[in-house]
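Using our numbering, read the sequence shown as starting at 4 and increasing by one per residue.
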Amino acid sequence: MKSFKIKFWGVRGSIPTPGASTIFYGGNTSCVEVRFKDGPFFILDAGTGIRELGKYLQQQKENIQGYIFISHFHWDHIQGLPFFRPAFDLKNSITIVGSDDAAAKLAQIISFQMDPTYFPITIEDMKAQISFRSIKEEKFSIEGVEIQTLYLNHPGYALGYRFSYKNRCLVYISDNEPFHHLQNSGPITLSARAVPEVEQAFDNFYEDKNKKLIEFCKKADILIHDAQFLPEEYETRKTWGHSPFPYTIDLALNSQVKSLILFHHDPDHGDQTIKKMLEQSKKIIRKTGSTMKCEAAREGSILEV
C-alpha cells in the first residue's frame with residue numbers, strides 16, 4: 004500500500020528560468036507537494052512553483068488545511084508565496100513552518116518580502132487562516148507524520164527535513180554543500196591548525212557533520228537532494244551552499260537510500276545538461292553495483308511510495 008505521493012511543481016535553484024532550453028525539466032523554483040495517505044497535506048518550499056500549485060488547488064475547489072515547510076529564506080524558496088491563491092481564500096488554513104534566524108522571527112521574515120517597498124499586497128491581505136510554527140534542529144510530529152530536522156551547510160539557517168509515515172520515509176534537502184570544503188576555508192586559521200590537537204578537533208568537526216548527515220538520510224525511500232553543480236563548476240563556487248552531483252550520489256549511496264532525486268537545478272543548466280548529468284549519475288551508481296534508483300526532478304512528475 005502506498006503511504007504518500009509526491010509531485011514536483013518547481014525544481015530549479017536560484018532564479019526562475021523560462022525558455023526553450025528548460026521546457027523538459029522546468030524553470031520554476033523550488034516547490035514540492037506531498038500528500039500522505041489518510042494524513043496531512045504538506046508543501047515543501049514556496050518558490051515560483053507554488054503559484055501553479057495554488058492555481059491547481061483552486062480549480063479543484065477543495066478547502067486547504069495544509070502546511071508549508073520552508074527550508075530557508077533565500078528568494079528562490081519564498082518568492083512564490085505572495086502568488087499562492089489559496090492563501091487569499093478565507094476558507095483555507097495554512098501553517099508556515101520554518102526556522103527563525105538571528106535577526107528576525109519566522110513570521111517577520113515571511114512578511115518582509117511583502118513590505119510595500121517591494122510588493123503591493125501585504126501579508127495582512129491574505130484572508131486564509133495563516134499561522135506560523137518556528138522550529139530548530141529537532142524532532143516533532145504533525146498528524147501522524149514523524150518529522151526530524153537538520154541544519155545544513157548553506158549560508159543562513161537552512162533546514163533539511165526527514166518525514167516518516169507508515170514505515171515509509173522521505174528526506175528533503177534542497178540546499179546543501181559538502182562539509183569537506185571547510186577543511187581549507189573554515190574559521191580555524193592555518194596557524195591554529197599547526198597545533199595537532201586543534202587540527203584533530205577541526206577534522207572531527209567535518210567528519211562528525213558528514214556522519215550526522217548520512218544518519219539523517221539513512222535508508223530513506225526517497226532522498227531529494229541538491230545537485231546543482233558539475234564538479235568543475237563547484238571548484239570555483241565553494242561556500243555558495245550547493246553540491247556537485249557526484250557528492251550527492253556518494254551521500255545517497257552511503258546512506259543506503261532506495262531512490263535519489265537530483266534537485267535544485269542550476270539556472271544555467273538547460274535540459275541537455277541535466278540529462279547528461281543524470282546519465283553520468285546512473286553510470287556511477289551502476290559501477291558500484293548498487294540497485295539505487297536515480298532521476299532528475301522534473302516539473303509535473305509524480306512519485307508514489
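Backbone N, C-alpha and C define an ideal beta-carbon position, used for all residues, glycine too.
Cβ neighbours of Ser96 in the same chain (closer than 6 Å, five flanking residues each side left out): Gln68, Gln132
Inter-residue spacing [alpha-carbon to alpha-carbon] between Gln62 and Thr152: 33 Å
Coarse secondary structure for Ala299, derived from DSSP in three states: Strand, per DSSP.
Backbone CA spacing between Ala255 and Tyr164 [nearest angstrom]: 15 Å
First through last residue of the beta strand (DSSP E) which encompasses Lys142: 142 to 145
Same chain only: Cβ atoms within 6 Å of Tyr154, ignoring 5 sequence neighbours per side: Glu140
Coarse secondary structure for Leu233, derived from DSSP in three states: Coil, per DSSP.
Simplified DSSP state of His228, which is helix, strand or coil: For His228, the three-state secondary structure derived from DSSP is strand.
Buried versus exposed call for Thr242 [16 or more other C-beta atoms within 10 Å across all chains shown]: exposed
For Phe44: DSSP bridge partner residues: Checking the DSSP bridge columns, you'll see Phe44 partnered with Arg38, Gly69.
heavy atom of the ligand NAD below 7 Å from Cys220 C-beta: Among the components of this structure there are no ligands whatsoever, and the ligand NAD is therefore not found.
contact_flag[the region 285 to 300, the region 252 to 267] where n(CB pairs < 8 Å) is 3 or more: yes
Which residues DSSP lists as bridging Glu307, in chain order: Lys8
Cβ shell of Arg54 (< 7 Å), same chain only, five flanking positions each side left out: Gly83, Phe86, Phe87
Phe232, buried or exposed, once every other Cβ within 10 Å from all chains shown has been counted against 16: buried
Neighbourhood of Ile305 by C-beta distance below 6 Å, restricted to the same chain and skipping five residues each side: The answer, listed in chain order, is Lys10.
Exposure label - Arg171; buried when at least 16 CB within 10 Å: buried
Cutoff 8 Å: Thr294 Cβ touching any chain B Cβ: Looking at the structure shown, chain B is missing, and only one protein chain is on hand.
Cβ-Cβ separation, Val174 to Pro43 (assumed contact under 8 Å), whole Å: At roughly 17 Å, the Cβ-Cβ gap does not stay under 8 Å, so Pro43 and Val174 are not in contact.
6 Å CB neighbourhood of Leu162 in its chain, flanking five on each side removed: Ser74, Ser102, Thr152
Sheet register partners of Phe266 (DSSP bridge): Asp229
Classification of Leu265 by the beta-carbon crowding that lies within 10 angstroms, buried from 16 upward: Burial call: buried.
Pro89 (DSSP reduced to helix, strand or coil): helix
Three-state secondary structure (DSSP) of Ala197: Annotation note: pLDDT 37 at Ala197 (below 50); position unreliable, coordinate value reported separately. Correct three-state label for Ala197: coil.
Inter-residue spacing [alpha-carbon to alpha-carbon] between Phe143 and Val100: 12 Å
Whole-Å CB distance - Gly50 paired with Asp79, under 8 Å assumed: The pair is a contact, with the Cβ atoms about 5 Å apart (cut-off 8 Å).
Inter-residue Cα distance where the pair is Lys212 and His77: Going by the C-alpha atoms only, they are around 23 Å apart.
Residue nearest to Asp92 in terms of C-alpha spacing, selected from Phe72, Lys64, Pro119: Lys64
Presumed contact (8 Å Cβ cut-off) between Arg38 and Lys8, rounded CB distance: 5 Å
Extent of the continuous alpha helix (DSSP H) run through Arg54: 52 to 63
Phe122 (DSSP reduced to helix, strand or coil): coil
Start-to-end residues for the beta strand (DSSP E) that takes in Leu3: This structure cannot speak to residue 3, because the chain is shown only from 4 to 308.
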